[in-house]
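All remarks here apply to the structure that follows.
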C-alpha cells in the first residue's frame, strides 16, 4: 500500500507491500531529553523516515536580547544550554571583549579555562548517566550524577550558583576564586581518576551496551560535515576539528592536550569519545593546577560595556560542540541591535533522520542519547 | 475519593462512628502523603535540578517520591520543571487531565510562577502555570536548589495531611485565560503600600525634625577604593588558512559586487589587511551573485568551504541582511557572506507585517544543514527562500501571525520592558 499524501516534513515516496504507519514521540517523552517532538514513519518496527518538530520550548531569547543590555544577556546565555552554562557565558563574553578590545590577565584566563573544563566534565558525566539510563541501566544515572555534584560544589563555591552561573564578565570574571579552589580541584581530580576507571569497567565492555550501540546510527564523515555537526559527534565520525585547536581562544594554545578522534561514527564511538574527552579535560586541569598563578590580577580594569558600531563573532568549543555568538551593534551603546547564537545541538537533530533511517525504534533512543542534545539551546 | 468519602454519611449516625472516620482519614492520608509519585516531565534547567534531587546526593526517596513515572496515568504529582511556552501549553493541560485524581501540581522555578526572566518583550512564554492548570505549591528559584524542591514536597505533604473525608480533595478547573503580568500588579500594590506608609510616617518625621533640628546620622557612606590593575595584552591568535586579504582579492576578481563594510575612509584593501587574524571576513554581495558565490567557495579547491556554521538575518528599516557563515574544516578560514535583501514595498502597508518581504535563493541543496537554518530565518523574519524543499514555520505555530524578529513586530501578549 502506498501513501498518497504525506504529513508535513516527510519527503520519501516509495511503494511498499506492507502497511506504513506514523508514530508521534514527544513532546513529553523521557528519552527526548526535554520538549522535542519526533514524528516517525514506521514500517513494522523499522524507521522509514523521521521528522523532528522544534519549538516547544522556544522562549524568544533573541527578541528579548534586543531590549536588554549586553550584561543582561550573559544571564540569558545560562539558560540556553544549562548543562554547559559556564561555557556559554564565555562564548558571549569573548564576543563582547572583541568589541570592547579589552584583555584578560593571566590569572583570569586560568580561572576561565579551569571552569570551562570542569563544566565539560560535568556535561559529559550527565551524558554518561543518561546514556546508561536510556539503555535501561538506571544505576548509571546515580553514578554520573554523584561526581557531578562534586563539580557543582566547586562551581557553587566559586560562582555562587550551582547551575546558572552567570560568572564571566568582559575582562575577567565577577569574583576571584577562593583559596580552597585549587586544593578542591586537586582532590576532585584524584577522586575522578579512580571513579572513571570503575565507570569504564562498568559500561565500556558491557555486552548489552556493545550489542545496542556498535554499528547503530552510523553518521559518515561527509554527512557529519555537510549537516554542520560539531563537537564529539563530528569527531566520532573521523574529523579532527576542535575549536580549541583550530581557533584557540583563551590560553588553550599554551596547554598540552590531545583531540581524541574515532572513525566509525556509530553510537559506541560517540560514547567512547566523551569518555576520552573527560580524560583530556583532566589532563588540562592538572596542568592548570600546577601553573595556576598564586598572585596577580584576576581581571582587567572594569570598563562600561559599550560596543562600537560593528559586528562581532566569537566561537568556542562547549561540551556539545561549536557554540558561536554573533553580536550586531548598530549604534555605539549598551544595547545590542541583534544577538544571534549558534548552538551545537540544532544540526545534530537535523542529522538525526540520516542516522535513524533503517534502524529499529528502540535504537532511536540510543541514538538520541549519544547525540546528547539540549532542546532549549535549539529553540532558544 | 469515591467510596471513602461516603464514610461520614454511613458511620456518623452510629455511636462512636466519627472516631472510625478519623481513623480512616489517618490511614488514607498516611498512605497518600508518603508515596507521591511524580511524572517524568521537564522542559529546561529546572529539570536538571529535579534529576539531581532524585540522585544519590539528595535522594528524593527519603520523601517517598523516587518512583518517577513516564506515563501520566501512573503518576500523582506533576512537577512543572521549566518554562512553559504557548506551544507547549495544550500538551501540559492534556497531561494534567490524564493524571488520575487525587493529583497535585508543584510549579518549580521562576518561569512557571510568573514567567521569570522571560516576562518582558516575549511573545511565546506563558506567564505562570496557574494560568493553565491549578497549582498546589510554588517553589521559587532560578532554578531552585534540590533542598527547595524538598521543601515544596514537604509543604505538599502538609497539604495532603489536612485532607479529610469531610473535606476531600477536589479537582480544580483548567483555565485558559490570557496571561497576566503578576509582577507589575504586585509592584503596583507594593507602591501603594509604600505610599500609605510614607503618609503615615510623615507626621512622625516632621515631629522628629522639630525636636532634633541638627541631627546627623552616625553612619557615613563608605566607598571602597577600587583597586587598579595593569591591563594584560591578549595572546595573539594563531593564523590559519588564507588571510582575509587573499580571500577578498580572490572573491573580488570573480564577483564584481563584492565589497566590505569598513566604517572608515581608508581603501578596503588596507583595512582588510589590518584586520586581526581571528576576525572573520564579512563580505557584502548582491542577491544575484549570492548562490554563485556560495557554490564557488564550496567547490573551489583553494577555498573548500565545506562547513556551514549558520544562516541568520538582521532586520533594518528598508532591507534585511542575510548572513551566511561558512568555514573550511580542512584549511581553517572563514567567510561570512552578507546579502542585502531589499524589502518589497509594493505590498500595501497594512499587509506588510504578515507577508514575506524579501526573496533569496536557497542553499539547502549545497549544504543539507542549511535546511533547518533557513526555515528558522523564514519563521523569524519572513524571508522567502526560493527553491527550499520544505519551507514551514519551525519554532512557532502554523497559525502564528507575524514574524517576531522584525523590529516592527507587535504581539497582543507582549509586554514592553519598563526602562
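Protein chains in written order, with this note's numbering: chain A, 57 to 436; chain B, 1271 to 1689. Note that CB positions come from ideal geometry on N, CA and C, so glycine has one too.
For residue 107 of chain A, three-class secondary structure by DSSP
Reduced to three states, the DSSP call for residue 107 of chain A is strand.
Starting from the C-beta of residue 1643 of chain B, find all residues in its chain whose C-beta is less than 7 angstroms away, skip the five residues before and the five after it, and write them out in chain order.
1580, 1581.
DSSP beta-bridge partners of residue 395 of chain A
Answer is A:383, bridged to residue 395 of chain A.
C-beta neighbour in chain C for residue 1566 of chain B, strict 7 angstroms:
Annotation note: the requested chain C is absent from the structure, which comprises protein chains A and B.
Tell me whether residue 270 of chain A is buried or exposed, calling it buried when 16 or more other Cβ atoms sit within 10 Å of its Cβ.
Exposed is the call here.
Buried versus exposed, by CB contacts within 10 Å (16 or more), residue 1496 of chain B
Bear in mind that a pLDDT of 49 at residue 1496 of chain B, under 50, signals an unreliable position, so the model cannot answer this.
For the 8 angstroms Cβ check, are there 3 or more pairs between the segment 142-156 of chain A and the segment 373-390 of chain A?
Verdict: yes, contact present.
Got a sec: which bits of the segment 1556-1587 of chain B sit with their beta carbon under 7 angstroms from any beta carbon on chain A, in order along the chain?
Result list: 1576, 1577, 1578, 1579, 1580, 1582, 1584.
Considering only C-alpha positions, which residue in the set B:1393, B:1434, B:1379, B:1397 is nearest to residue 1411 of chain B?
When only C-alpha atoms are compared, the closest one is B:1379.
Close Cβ partners of residue 394 of chain A (< 6 angstroms) along its chain, the five nearest in sequence each way excluded
Spatial neighbours of residue 394 of chain A in its own chain (CB-CB distance under 6 angstroms, excluding positions within 5 residues in sequence) are listed in chain order as 384.
Distance, Cα to Cα, residue 331 of chain A vs residue 1540 of chain B?
Approximately 47 angstroms between the Cα atoms of the pair.
Boundaries (first-last residue) of the alpha helix (DSSP H) holding residue 1299 of chain B:
Per DSSP, residue 1299 of chain B belongs to the alpha helix (DSSP H) from 1287-1304.
Between residue 93 of chain A and residue 404 of chain A, what straight-line distance do the alpha-carbon atoms span, to the nearest angstrom?
Rounded to the nearest whole angstrom, the CA to CA distance from residue 93 of chain A to residue 404 of chain A is 15 angstroms.
Does DSSP put residue 1348 of chain B in a helix, in a strand, or in coil?
In the structure shown, residue 1348 of chain B sits in a strand (DSSP, three-state: E or B).
In terms of residue numbering, what span does the beta strand (DSSP E) encompassing residue 145 of chain A cover?
Here residue 145 of chain A belongs to no beta strand (DSSP E); instead the alpha helix (DSSP H) covers 141-156.
Residues that DSSP places opposite residue 370 of chain A in a beta bridge
Beta-bridge pairing by DSSP links residue 370 of chain A to A:381.
Does the segment 178-186 of chain A come into contact with the segment 233-244 of chain A, if we say contact requires no fewer than three beta-carbon pairs (one atom in each stretch) closer than 8 angstroms?
By the Cβ test, the segment 178-186 of chain A is not in contact with the segment 233-244 of chain A, since fewer than three Cβ pairs between them sit closer than 8 angstroms.
The segment 249-256 of chain A in contact with the segment 161-179 of chain A per 3-pair CB rule at 8 angstroms:
Cβ pair count under 8 angstroms is below three, so no.
Tell me, to the nearest whole angstrom, how far the beta carbon of residue 268 of chain A is from that of residue 191 of chain A; I am working on the premise that it is less than 8 angstroms.
The beta-carbon separation of residue 268 of chain A and residue 191 of chain A, rounded to 6 angstroms, stays under the 8 angstroms limit for a contact.
Any chain B beta carbon closer than 7 angstroms to residue 120 of chain A:
Using beta-carbon distances, residue 120 of chain A counts as an interface residue toward chain B, with a partner under 7 angstroms.
Determine, using beta carbons only, whether residue 299 of chain A comes closer than 7 angstroms to chain B.
Chain B contact via Cβ: absent.
Tell me whether residue 1668 of chain B is buried or exposed, calling it buried when 16 or more other Cβ atoms sit within 10 Å of its Cβ.
That one is exposed.
Contact under 7 angstroms by Cβ, residue 1382 of chain B with residue 1399 of chain B:
Cβ distance < 7 angstroms, so residue 1382 of chain B and residue 1399 of chain B count as in contact.
Who are residue 98 of chain A's beta bridge partners in DSSP?
According to DSSP, residue 98 of chain A bridges with A:77, A:103.
Counting only Cβ pairs nearer than 7 angstroms, list the residues of chain A close to residue 1639 of chain B.
Those within 7 angstroms of residue 1639 of chain B in chain A are 282, 283, 284, 403, 406.
Apart from the five residues on each side of it in sequence, which residues of its chain come closer than 8 angstroms, Cβ to Cβ, to residue 1686 of chain B?
Excluding positions up to five away in sequence, the list reads 1390, 1391.
What did DSSP end up calling residue 1374 of chain B once you bin it into helix, strand or coil?
Here residue 1374 of chain B carries a strand assignment [DSSP, helix/strand/coil].
Cβ-based burial, residue 1332 of chain B [other Cβ within 10 Å; buried from 16]:
With a threshold of 16 other beta carbon atoms within 10 Å, residue 1332 of chain B falls short and is exposed.
Interface positions of the segment 90-117 of chain A facing chain B (Cβ-Cβ less than 7 angstroms), listed along the chain:
Flagged, chain order: 90, 91, 110, 111, 112, 113, 114, 115, 116.
Three-state class that DSSP yields for residue 238 of chain A in the structure shown
Here residue 238 of chain A sits in helix by DSSP.
Give me the subset of the segment 162-189 of chain A whose CB atoms are less than 7 angstroms from a CB atom of chain B, sorted by chain position.
Listed by position along the chain: 162.
In this structure, how does DSSP classify residue 1610 of chain B when only helix, strand and coil are distinguished?
Strand at residue 1610 of chain B.
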